[in-house]
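Chains as they are written, first to last, in my numbering: chain A, 1 to 408; chain B, 409 to 816.
Structure representation (structure tokens):
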């Protein structure tokens with residue numbers, strides 16, 4: 001198998017050909033057909049649903065080496081390697097870009113694509129090729145905007161399952177994700193316990209704590225009150241840039257840690273005032289956040305931000321699977337679990353993760369829990385790739401333990 | 409001396425009469441006169457500056473019992489008791505309201521107004537009676553808006569000093585403040601070391617860390633990109649409500665702690681959806697933040713928010729007094745220092761406060777440092793009034809230690 005860090009876009013026409021694929025590049029699959037809509041958890045339907053996905057590495061004939069990776073809020077299917085181009089709501093955003101987890105996924109890397117066949121799909125409601133609020137509603141010929149139905153973490157797992165079914169893949173060696181991706185990994189373990197062997201949840205947990213709910217609300221408030229928001233129907237005019245910038249800057253702060261920001265920026269001032277006087281850009285941290293946010297509005301759809309954060313808010317594994325009782329919910333799980341938290345993550349703080357792990361222990365699950373010391377905050381799962389990679393490699397390669405779970 | 413929790417507004421015409429005052433109610437003093445403008449640290453001048461202040465308790469003839477309390481971002485001069493009315497930029501906001509630190513300041517309370525004469529003044533740039541961007545610029549007959557000059561923590565201390573000079577008060581028994589008020593207290597200890605005996609810095613420090621700079625920037629971004637901001641000249645139209653709401657919600661989250669929010673709100677849902685569907689108000693924490701922010705825009709001026717957060721950003725005691733060296737700066741201090749940090753405060757985290765205390769110890773200062781365990785976050789200095797009160801009382805009543813500081 002050849003895997004190159006240079007753009008390598010191949011098109012394969014039949015799912016069978018996946019068996020000899022190195023990297024597929026971005027592919028799309030239509031999950032619906034006339035009379036066969038995509039059914040959401042809340043009862044709504046979408047008559048046309050496409051999913052964009054990428055596949056890395058060869059699929060064993062025994063189908064025993066598939067790892068599904070789930071992306072976080074602003075991620076896409078492009079998890080590794082160099083893309084030839086990235087499209088946002090169909091429009092080319094930029095050429096050639098490394099995958100969002102390229103340091104972890106690839107040949108010889110922690111999630112080794114010489115051994116595993118890695119699949120990653122863009123979530124429903126996003127703007128990177130899968131159907132979302134920026135997609136054309138076939139009933140009206142116009143973008144959905146806020147007429148797009150509410151989506152949930154469970155819908156994303158259903159979408160991934162349908163994709164895998166069509167690719168002829170029944171069993172997942174592992175499912176893995178960080179943050180919102182970790183919620184998807186957990187939902188897989190709860191919803192399809194028999195279809196997965198190992199489950200990796202990084203910087204995530206069974207529910208978003210109140211502080212995260214608050215931050216997400218402020219982000220949506222900023223977007224929805226932007227002068228250009230137009231009730232979500234901004235696709236033919238100016239997008240709500242300023243609101244999405246505020247959301248991204250805010251999000252970015254919550255992904256870092258106080259100590260990490262002190263180390264990276266401190267209170268260093270810019271060489272010269274780059275803004276408009278008193279309230280312009282004066283400190284390096286301001287310049288960084290401004291730059292990040294301006295880049296983000298080029299590559300992300302504000303409506304997708306609304307839908308995906310709401311799905312993140314609403315995810316509650318205990319409520320969905322245990323009538324509010326997390327231990328009861330966890331009794332559904334049969335996968336081997338790895339949970340990794342990061343000391344400076346305050347979106348999913350270690351205390352929360354320990355509660356989750358305690359519930360799994362009470363449910364007598366074989367769970368591995370690691371709390372990594374890090375100043376990288378919530379983003380640690382993306383940036384502390386060396387320690388994270390070591391954990392992933394060890395967990396993935398360890399022989400499966402015999403299950404000794406009491407049946408309830 | 410009589411102190412009542414009922415409104416008790418008295419007017420006294422001469423500073424001398426302060427000697428027999430219980431509580432003055434809100435008073436104003438004009439600090440400028442023709443040809444005698446208020447001179448700011450950056451060289452700018454204001455031809456008319458008024459300061460609004462309140463005084464509680466009798467001033468001893470020996471003037472040995474004055475405590476100056478400095479307020480935080482959105483505070484005012486009304487620190488204790490029940491006001492008869494509160495005005496925002498001159499407009500009546502509401503009748504009868506308890507002081508922002510009423511649990512701590514008053515007769516028999518931790519800062520005992522039967523023993524001490526407490527003075528609190530609204531900062532320059534605010535909207536509660538002291539001159540600010542919402543005040544009329546005498547040169548144009550219109551509100552200043554963003555033509556108001558940049559103000560600093562040092563300017564606030566200068567304003568307080570001028571007020572005290574005119575009241576005939578040379579010596580402060582103590583100066584005390586939390587958050588931005590703590591920066592003012594520290595600046596007093598550095599700028600006028602001989603005029604103060606004790607200095608109390610709560611949930612604050614010699615500089616705002618990078619994370620706080622980031623949050624303040626997002627808040628200002630939200631205000632300045634509100635469709636009604638009009639470059640700050642919104643006084644005759646709609647104020648930038650939505651932007652100020654975003655700023656306040658964001659601020660509010662940063663004043664609490666994750667654990668505190670989990671305890672207070674968790675993920676409790678409202679009995680019925682109170683908003684407009686998917687992106688409306690669904691969780692209690694959302695309802696709380698929304699309510700807080702809507703109430704805030706009634707009582708605060710968005711331009712003041714810009715000016716005051718920028719002053720908070722720019723305050724840097726080491727830079728101003730030690731050429732970047734905090735130990736050198738601290739050598740100026742002669743006051744006895746009390747520094748209190750709170751375990752869950754992430755605007756001025758305990759680590760930062762310890763650095764500050766270390767610098768003072770290196771400067772051989774007699775400093776008392778207490779780190780209080782609390783889930784109340786940055787707001788702990790306002791809400792954990794029982795433990796904070798005990799510390800303040802003990803520190804204020806302890807006999808002054810003889811100074812054994814080596815002279816440099």
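Ideal Cβ positions, reconstructed from N, Cα and C, are used throughout, including at glycine.
Going along chain B in order, which residues have a C-beta closer than 8 Å to the C-beta of residue i?
i, result
"residue 346 of chain A", "666, 754"
"residue 150 of chain A", "686"
"residue 249 of chain A", "622, 625, 626, 629"
"residue 262 of chain A", "617, 618, 619"
So is residue i buried or exposed if we call it buried at 16+ other beta carbons inside 10 Å?
i, result
"residue 631 of chain B", "buried"
"residue 787 of chain B", "buried"
"residue 210 of chain A", "buried"
"residue 562 of chain B", "buried"
"residue 628 of chain B", "buried"
"residue 30 of chain A", "exposed"
"residue 129 of chain A", "buried"
"residue 411 of chain A", "Outside the modelled stretch of chain A, which goes from 1 to 408, sits residue 411 of chain A, for which no answer is possible."
"residue 18 of chain A", "Any reading at residue 18 of chain A must be qualified, since the residue scores a pLDDT of 41, below 50, and its modelled position is unreliable; the value itself is stated next. Per the 10 Å Cβ criterion, buried."
"residue 322 of chain A", "buried"
"residue 9 of chain A", "Note that residue 9 of chain A scores 38 on pLDDT, short of 50, meaning its location in the model is unreliable and no value can be drawn from it."
"residue 138 of chain A", "exposed"
"residue 349 of chain A", "buried"
"residue 405 of chain A", "At residue 405 of chain A the pLDDT is 42, less than 50, meaning the model places this residue with poor confidence and gives no usable figure here."
"residue 516 of chain B", "exposed"
So residue i and residue j are supposed to be a Cβ contact under 8 Å. How far apart are they, rounded?
i, j, result
"residue 474 of chain B", "residue 467 of chain B", "7 Å"
"residue 255 of chain A", "residue 377 of chain A", "6 Å"
"residue 694 of chain B", "residue 213 of chain A", "7 Å"
"residue 171 of chain A", "residue 191 of chain A", "The pair is not a contact, with the Cβ atoms about 15 Å apart (cut-off 8 Å)."
"residue 509 of chain B", "residue 487 of chain B", "5 Å"
"residue 218 of chain A", "residue 250 of chain A", "6 Å"
"residue 780 of chain B", "residue 735 of chain B", "No, residue 780 of chain B and residue 735 of chain B are not in contact; Cβ-Cβ is about 25 Å, not under 8 Å."
"residue 243 of chain A", "residue 262 of chain A", "Not a contact, Cβ separation roughly 28 Å."
"residue 656 of chain B", "residue 700 of chain B", "6 Å"
"residue 381 of chain A", "residue 174 of chain A", "With a Cβ gap of about 15 Å, residue 381 of chain A and residue 174 of chain A do not count as contacting."
Please compile the residues from chain A whose C-beta is within a distance smaller than 7 Å of the C-beta of residue i.
i, result
"residue 493 of chain B", "By Cβ distance, chain A contributes nothing, its closest Cβ being about 31 Å from residue 493 of chain B, past 7 Å."
"residue 674 of chain B", "210"
Locate the alpha helix (DSSP H) running through residue i, then write down its first and last residues.
i, result
"residue 311 of chain A", "302-314"
"residue 493 of chain B", "From DSSP, residue 493 of chain B is part of no alpha helix (DSSP H) but of the beta strand (DSSP E) over 493-496."
"residue 428 of chain A", "Here chain A has residues from 1 to 408 only, and residue 428 of chain A is not among them."
"residue 761 of chain B", "758-770"
"residue 28 of chain A", "It is not in any alpha helix (DSSP H) - residue 28 of chain A instead sits in the beta strand (DSSP E) that spans 27-30."
"residue 802 of chain B", "793-805"
"residue 317 of chain A", "317-322"
"residue 670 of chain B", "666-672"
Hey, could you find the ends of the beta strand (DSSP E) residue i is sitting in?
i, result
"residue 607 of chain B", "604-610"
"residue 460 of chain B", "458-464"
"residue 342 of chain A", "336-342"
"residue 580 of chain B", "580-586"
"residue 780 of chain B", "775-780"
"residue 330 of chain A", "Run containing residue 330 of chain A: none in the beta strand (DSSP E); it sits in the alpha helix (DSSP H), 326-330."
"residue 119 of chain A", "117-121"
What in chain A is Cβ-close to residue i, meaning under 8 Å?
i, result
"residue 718 of chain B", "278, 279"
"residue 724 of chain B", "267"
Say yes only if the C-beta of residue i is nearer than 7 Å to one or more non-hydrogen atoms of the ligand SAH, and no if none qualify.
i, result
"residue 582 of chain B", "The ligand SAH is not among the ligands present in this structure, which contains no ligands whatsoever."
Mind pulling the chain B residues with CB within less than 9 Å of residue i?
i, result
"residue 159 of chain A", "Going along chain B, no residue has its Cβ under 9 Å from residue 159 of chain A, so there is no contact; the nearest lies around 19 Å."
"residue 349 of chain A", "666, 667"
"residue 58 of chain A", "Those do not exist, as residue 58 of chain A stays about 41 Å from chain B at its closest Cβ, beyond 9 Å."
"residue 147 of chain A", "Going along chain B, no residue has its Cβ under 9 Å from residue 147 of chain A, so there is no contact; the nearest lies around 11 Å."
Could you work out which residues of chain B lie near residue i, taking near to mean beta carbons separated by less than 7 Å?
i, result
"residue 29 of chain A", "Per Cβ cutoff of 7 Å: no residues; residue 29 of chain A is ~27 Å from chain B at best."
"residue 306 of chain A", "687"
"residue 358 of chain A", "Near residue 358 of chain A there are no residues of chain B at all, since even the closest Cβ is about 16 Å away, more than 7 Å."
Who are the neighbours of residue i on chain A, taking C-beta pairs under 9 Å?
i, result
"residue 750 of chain B", "Residues of chain A passing the Cβ test: none, with the nearest at roughly 14 Å."
"residue 532 of chain B", "Residues of chain A passing the Cβ test: none, with the nearest at roughly 14 Å."
"residue 446 of chain B", "Chain A residues near residue 446 of chain B: none, gap ~18 Å exceeds 9 Å."
Quiz item: Just by C-beta distance, which residues in the segment 611-640 of chain B are closer than 7 Å to chain A?
Solution: 615, 617, 618, 619, 621, 622, 623, 625, 626, 628, 629, 630, 632, 633, 635
Quiz item: Quick one, which residues of the segment 777-792 of chain B are near chain A if we go by CB-CB under 7 Å, in chain order?
Solution: none
Quiz item: Between the segment 694-708 of chain B and chain A, which residues of the former have CB atoms less than 7 Å from a CB of the latter, in chain order?
Solution: 694, 697
Self-check item: Near-chain A residues of the segment 578-609 of chain B - C-beta to any C-beta below 7 Å
Solution: none
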